[in-house]
Amino acid sequence: MKFKDGLLLGVILGLGSALLYTPKPGEEVREEVREKLDSVPRHFFNLLESLIDLSISVLDFSKGAFEGQGERLSKAVSSGIDAAREKSEELRKMTSNTLSE
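Under my numbering, the first residue of the sequence shown carries the number 83, and numbering increases by one thereafter.
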């Protein structure tokens with residue numbers, strides 16, 4: 083967003099200086115400056131709207147990434163539990179065989 087902010091500021095300053103240095107009557111220059119300044123809030127709100135949209139996109143992406151991580155973690159834990167059960171059974175069999183001998 084820094085680029086857009088700089089671009090907007092540059093456009094405003096450029097238009098302002100161009101209007102001030104053009105050979106026009108004062109009232110005409112003031113009217114043009116007023117019109118340009120009136121458009122600044124609209125540009126600001128467009129920029130703000132873009133920032134909000136970007137924030138929502140980042141949050142949606144992050145949410146999806148974390149949801150995927152949770153599923154993978156859950157599967158990994160389940161696999162670990164299953165592996166521990168198998169090893170536990172193997173150890174029980176080994177100890178029961180050893181004790182019965």
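A virtual CB, placed ideally from N, CA and C, is assigned to each residue, including glycine.
Cutoff 8 Å; reference residue i; Cβ partners in own chain excluding five residues on either side
i: Ser-99; result: none
i: Lys-86; result: Leu-129, Ser-132
i: Thr-104; result: Val-111
i: Lys-165; result: Per the sequence shown, the amino acid found at residue 165 is Ala instead of Lys. Same-chain partners within the cutoff: there are none.
Beta-carbon proximity of residue i to residue j, cut-off 8 Å
i: Leu-97; j: Lys-84; result: no
i: Ile-94; j: Val-111; result: no
i: Leu-90; j: Leu-136; result: no
Reduced DSSP secondary structure (H/G/I, E/B, other) of residue i
i: Thr-177; result: helix
i: Lys-106; result: coil
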